[in-house]
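In the UniProt record's numbering, the protein residues as written are 1 to 395. All C-beta atoms, glycine included, are put in the ideal place defined by N, C-alpha and C. Bear in mind that the values here come from a model prediction, so they are computed numbers and not experimental data.
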Amino acid sequence: MSVYVSGIGIISSLGKNYSEHKQHLFDLKEGISKHLYKNHDSILESYTGSITSDPEVPEQYKDETRNFKFAFTAFEEALASSGVNLKAYHNIAVCLGTSLGGKSAGQNALYQFEEGERQVDASLLEKASVYHIADELMAYHDIVGASYVISTACSASNNAVILGTQLLQDGDCDLAICGGCDELSDISLAGFTSLGAINTEMACQPYSSGKGINLGEGAGFVVLVKDQSLAKYGKIIGGLITSDGYHITAPKPTGEGAAQIAKQLVTQAGIDYSEIDYINGHGTGTQANDKMEKNMYGKFFPTTTLISSTKGQTGHTLGAAGIIELINCLAAIEEQTVPATKNEIGIEGFPENFVYHQKREYPIRNALNFSFAFGGNNSWCLIVIFRFTSRNITC
Numbered sequence: 001m002s003v004y005v006s007g008i009g010i011i012s013s014l015g016k017n018y019s020e021h022k023q024h025l026f027d028l029k030e031g032i033s034k035h036l037y038k039n040h041d042s043i044l045e046s047y048t049g050s051i052t053s054d055p056e057v058p059e060q061y062k063d064e065t066r067n068f069k070f071a072f073t074a075f076e077e078a079l080a081s082s083g084v085n086l087k088a089y090h091n092i093a094v095c096l097g098t099s100l101g102g103k104s105a106g107q108n109a110l111y112q113f114e115e116g117e118r119q120v121d122a123s124l125l126e127k128a129s130v131y132h133i134a135d136e137l138m139a140y141h142d143i144v145g146a147s148y149v150i151s152t153a154c155s156a157s158n159n160a161v162i163l164g165t166q167l168l169q170d171g172d173c174d175l176a177i178c179g180g181c182d183e184l185s186d187i188s189l190a191g192f193t194s195l196g197a198i199n200t201e202m203a204c205q206p207y208s209s210g211k212g213i214n215l216g217e218g219a220g221f222v223v224l225v226k227d228q229s230l231a232k233y234g235k236i237i238g239g240l241i242t243s244d245g246y247h248i249t250a251p252k253p254t255g256e257g258a259a260q261i262a263k264q265l266v267t268q269a270g271i272d273y274s275e276i277d278y279i280n281g282h283g284t285g286t287q288a289n290d291k292m293e294k295n296m297y298g299k300f301f302p303t304t305t306l307i308s309s310t311k312g313q314t315g316h317t318l319g320a321a322g323i324i325e326l327i328n329c330l331a332a333i334e335e336q337t338v339p340a341t342k343n344e345i346g347i348e349g350f351p352e353n354f355v356y357h358q359k360r361e362y363p364i365r366n367a368l369n370f371s372f373a374f375g376g377n378n379s380w381c382l383i384v385i386f387r388f389t390s391r392n393i394t395c
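This is the structure we're talking about:
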């Protein structure tokens, strides 16, 4: 059974809504800049894809975390753009992917305690859970159904879309609202700094220098429906998830895990590798990830498959990365244009299908969104222009 995208909502360092984000994405706008962050008693200086002002939310949510505010903003835009009447559905799934959830609220509670306050604000602890955001989004709209929260780090929101697609295909829900969110936090910055994975010199350069990542923040949601008459963007054919079982943080350098899922995906979709027109790669700017990806792309995909990474503009948004980049795929399909990879260094001799410097107009029928995460979690989601027919994948 086909699943269609009826609505899109997004907020990122490139824009406060889908239209603005899409325009700045194709214009190669710089979304990464240098910022200072307080980490307990020290100051961290880092290049990040920061959202410079908090979005407006209803008064009842003014004390919520920035992560919640990002999620609320993208959720509302997705619903508004879809035009669906939630009251007409009696079994709605909300699938949310996030790395941190409300952990920044828990961190603030800890800071209160360390500063001598023995009666910390209890609401901070309530907001700290990973499922708080999904629960509040459902409560705000009186949504009848179930919420699912996935926390597989960098692949979380791609996996959330795959789950929502599967629930619709299996008849376990009538409508699925899927996405993810993450805010910049001391926890993430300190953690990736301790791993030596942060590029401290400049905005990251996916697939080129290998000097490290920049963290980013944002949120995105898509509204998924079974009724083709409600389709406004692409069609989700399905997705697959595998695990390398290789290392707790690094992918298998040979790309075998990614290759395995690529083989399964094209087989189940009933297409050939040559029919994949565009891949939005994970492309973080780290040697471990980018080398593995390039190995896999070179082995399986022809030079007619165009490849780019958009993290040079948004930074790595962790749990929101999958959905933001899936929305970038939908934008590429809508505009029949591949967004370029920004900040290239030393790419001489790269295959011509790696898109750098500027966007490239290209006929796109099939697009792949590709996410990797700690623990060797590999996640692919296949999106097609909804007027094009290919066999559905059972997720």
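- Beta bridge pairing from DSSP links Asn-366 with Val-384.
- A straight-line Cα-Cα distance of about 14 Å links Ile-276 and Lys-299.
- In this chain, Asn-353 is not harboured by any alpha helix (DSSP H), its DSSP state being neither H nor E.
- Around Glu-352, the same chain offers Thr-303 as residues with beta carbons nearer than 7 Å, after the five sequence neighbours per side are excluded.
- Comparing alpha-carbon positions, the option among Asn-108, Gly-7, Gly-375 lying closest to Gly-245 turns out to be Gly-375.
- Contact between Ser-379 and Thr-341 does not hold, since the beta-carbon distance rounds to 20 Å and is not under 8 Å.
- The segment 313–329 makes contact with the segment 4–12; the number of CB pairs closer than 8 Å reaches 3 or more.
- Each residue's CA atom was taken as its position, placing Ala-367 and Gln-358 some 19 Å apart.
- By the Cβ rule, the segment 54–72 counts as touching the segment 124–140, because three or more pairs are nearer than 8 Å.
- Taking C-beta atoms as the reference points, Ser-157 and Gly-97 count as a pair closer than 8 Å.
- In this structure, Cys-204 sits away from Ala-373, with a CB-CB distance that is not shorter than 8 Å.
- The Cβ atoms of Ser-104 and Val-130 lie no closer than 8 Å to each other.
- In this structure Asp-272 is exposed. Its beta-carbon is surrounded by fewer than 16 other beta-carbon atoms within 10 angstroms.
- Per DSSP, reduced to three states, the secondary structure at Lys-29 is coil, with no helix or strand assignment.
- Take the alpha-carbon of Val-338 and the one of Lys-294: they are about 18 Å apart.
- When the beta-carbon positions are compared, Val-57 and Phe-75 stay at least 8 Å from each other.
- Under the DSSP assignment, Ala-258 falls in the alpha helix (DSSP H) whose first and last residues are 256–269.
- With respect to the 8 Å criterion, Tyr-148 and Ala-93 are classified as neighbours on the basis of their beta carbons.
- A check of alpha carbon separations from Ile-8 across Gly-171, Cys-178, Tyr-47, Ser-243 identifies Cys-178 as the nearest.
- Here DSSP, grouped into helix, strand and coil, assigns Ile-345 to coil.
- For Val-5 and Asp-170, the gap between their C-alpha atoms comes out near 17 Å.
- Asn-280: member of the beta strand (DSSP E) spanning 278–280, first to last residue.
- With respect to Asn-289, Phe-370 sits apart: the two C-beta atoms are not nearer than 8 Å.
- The three-state reading of DSSP puts Ala-231 in coil, since its state is none of H, G, I, E or B.
- Our two residues, Thr-267 and Thr-242, have alpha carbons roughly 15 Å apart in a direct line.
- When DSSP assignments are scanned along the segment 153–218, the uninterrupted stretches of beta strand (DSSP E) that are 3 or more residues long and fall wholly within it turn out to be 175–182.
- Closest in C-alpha terms to Leu-189, from the list Asp-54, Ser-2, His-316, comes His-316.
- Counting only the Cα atoms, Cys-173 lies some 12 Å from Val-3.
- Distance check between Ile-364 and each of Glu-344, Ala-331, Ile-345, Asn-377 places Ala-331 closest, using alpha-carbon atoms only.
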